[in-house]
C-alpha cells in the first residue's frame, strides 16, 4: 500500500494519515481521476 500511495500521489501513507490537507488533496485528485474514467467509459459505450 505504501508503494502504491507513493507512486500514485508522491507521498507516503504515513504522511497521508497525519496531514488533513494532504488527505484532502489526494482525495480530490482521486475524485477527478474517477470522474475522468467514467467519462471515458461512457464515451466508449456511445461510440462502440
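Numbering (my numbering), first residue to last: 720 to 767. We put the CB at the ideal spot given by N, CA and C, even for glycine.
Neighbourhood of residue i by C-beta, 7 Å cutoff - its chain only, sequence neighbours within 5 removed
i	result
residue 760	none
residue 756	none
residue 725	731
Beta carbon of residue i nearer than 7 Å to that of residue j
i	j	result
residue 732	residue 746	no
residue 751	residue 741	no
Residue i - containing alpha helix (DSSP H), residue span
i	result
residue 733	732–737
residue 720	Neither: residue 720 is in no alpha helix (DSSP H) and is coded neither H nor E.
Same chain, Cβ closer than 8 Å to residue i, neighbours up to 5 away in sequence not counted
i	result
residue 748	728
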